Amino acid sequence: MLAAEYKQKKETVNKGFETAMTHINNAIYGKGKTDYDGSGMTDPKSNACGAGNTGNVAVKNSIINDMICLCAPAGTPSAKPCGQKAFGAVGSNPAGGKVAAGKGLIAACKKSGATEELTPDLIHSRLAAFYGRIAAQAGSEANAAVRFMLGLATGTGCQGSSQAECVNYLYQLETPGTGITWVQELESAARALGDAERAYAKATALAEQLKSLDQAAESTRQAAKTGIQLPTIATAVKPEPSAQTTKEEDCNKKDEKECKDPCKWNENSADKAKKCSLDQTTQAGTGDGTAGAQTGKTNTTGSYYIVINKAPLLLAFFLLQ
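When the count follows full-length UniProt numbering, it moves up by one through the sequence shown with no breaks and lands on 321 for the last residue.
Written out as structure tokens, the structure reads:
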């Protein structure tokens, strides 16, 4: 039914956006997280940043972890690697500073004012921009692993320390790489949003159909409430000529020689066309002619009507939901 399908599509829309937001939170903060608590930022920190030129399985867990590698080096930063500000240092053992640095990065990345609509295209455009920056700052790095590095690479690769603020995705992107976990989460979010968009379009179309049906149903209910009555049909029924009328006419056509019983010749009739007429005395008691009036039956010589009344025609319309 339309209403059931509409309800299902609405649920798909809501579930799609909820699923997308879950994947987005997983990408930003780590699997199953809705805020940053340092999950996945390993000890030593260098493993989470790509272990120099070799790459490491620990890379990939969350966007915030990768940003700590880019923006919060161990020791005292000599510059502002992410441009806006110097974030708190996160040492080789990141336990002491990773949460504060992560929350500082989140606060710095917040935007005010108008926001873009979250769509699959927006996510894909952001991922395209991300991949476009990998290997874009080779710096002094001569190792072949530089083609998998995000950020300013140096000869020592990505360590998460001063002058080595980059992320090496070699383990994740080199064949047969496992892929970057947080990128996969964003791709899942885009798919969920796509499902929600398609369900929303279908739900909108169904809503218009239901609206039209509801209007039609209301019109039909009003018609059923007042009733639609067909006009009265009158059928005219003409009686057959009575036997008396037929016999009288037969007598009138006869001349004196042919005028025999039950007809009677009347030479003195004022109507010359009716000198031969029906002998009324011979018809008494037969139930025909005028004597028929004595039987208790009414004889009509004109037309009469049988009136056929049609019951009101009621229409009903049921919108099953």
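Glycine is no exception: its CB is placed at the ideal position from the N, C-alpha and C atoms.
Computed from a prediction, not measured in an experiment: that's the story for all the values here.
Exercise. Going by beta carbon distance, what residues of the same chain come within less than 7 angstroms of THR156, once the five residues before and after it are set aside?
Worked result: Sequence index remark: in the sequence shown, residue 156 carries index 156 (1-based). Here the set comprises GLY52 and ALA164.
Problem set entry | C-alpha distance - ALA199 paired with LEU122, whole-angstrom precision | One-based indexing of the sequence shown puts residue 199 at position 199. One-based indexing of the sequence shown puts residue 122 at position 122. The alpha-carbon atoms of ALA199 and LEU122 are separated by roughly 19 angstroms.
Exercise. Between THR119 and the rest of its own chain, which residues show a CB-CB distance below 8 angstroms, the 5 nearest in sequence each way excluded?
Worked result: Taking the sequence shown and counting its residues from 1, one reaches residue 119 at position 119. For THR119, where only same-chain residues beyond five positions count, the Cβ hits under 8 angstroms are LEU193 and GLU197.
For this session: Look at the alpha carbon of GLN209 and the alpha carbon of ILE28, and state the distance between them as a whole number of angstroms.
Result: Within the sequence shown, residue 209 is the residue found at index 209, counting from 1. Within the sequence shown, residue 28 is the residue found at index 28, counting from 1. Cα-Cα distance, rounded: 41 angstroms.
Problem set entry | Completely contained alpha helix (DSSP H) runs for the region 163–219, where each covers 4 or more residues | 170–173
Problem set entry | Three-state secondary structure assigned by DSSP to LYS264 | To locate residue 264, count along the sequence shown from 1; it is residue 264. If DSSP states are grouped into helix, strand and coil, LYS264 belongs with the strands.
Problem set entry | Simplified DSSP state of THR286, which is helix, strand or coil | The count along the sequence shown starts at 1 and reaches residue 286 at position 286. Unreliable placement is indicated for THR286, whose pLDDT of 47 sits below 50; no coordinate value is reported for it.
Exercise. Does the region 60–73 touch the region 90–108, meaning 3 or more C-beta pairs lie closer than 8 angstroms?
Worked result: yes
Exercise. Is the region 28–38 close to the region 139–150, with three or more CB pairs under 8 angstroms?
Worked result: no
Exercise. Are at least three pairs of beta-carbons, each pair with one atom in the region 9–18 and one in the region 126–136, less than 8 angstroms apart?
Worked result: no
For this session: Over the uninterrupted beta strand (DSSP E) stretch that includes GLY151, give me the two end residues.
Result: Stepping through the sequence shown from its first residue, residue 151 is reached at position 151. Where GLY151 is concerned, the enclosing beta strand (DSSP E) stretches over 149–151.
Problem set entry | Contact check, LEU152 vs GLN137, beta carbons under 7 angstroms | Locating residue 152 in the sequence shown gives position 152, where the first residue counts as 1. Locating residue 137 in the sequence shown gives position 137, where the first residue counts as 1. Taking 7 angstroms as the Cβ cut-off, LEU152 and GLN137 qualify as a contacting pair.
Exercise. Does DSSP put CYS259 in a helix, in a strand, or in coil?
Worked result: Here residue 259 refers to the residue found at position 259 of the sequence shown. Residue state, collapsed to three classes: coil.
Problem set entry | Per DSSP, cross-strand counterpart(s) of GLY160 | Residue numbering aside, residue 160 sits at position 160 when the sequence shown is read from its first letter. None; GLY160 has no bridge partner.
Exercise. So who's on the other strand from SER277, going by DSSP bridges?
Worked result: Taking the sequence shown and counting its residues from 1, one reaches residue 277 at position 277. According to DSSP, SER277 bridges with LYS264.
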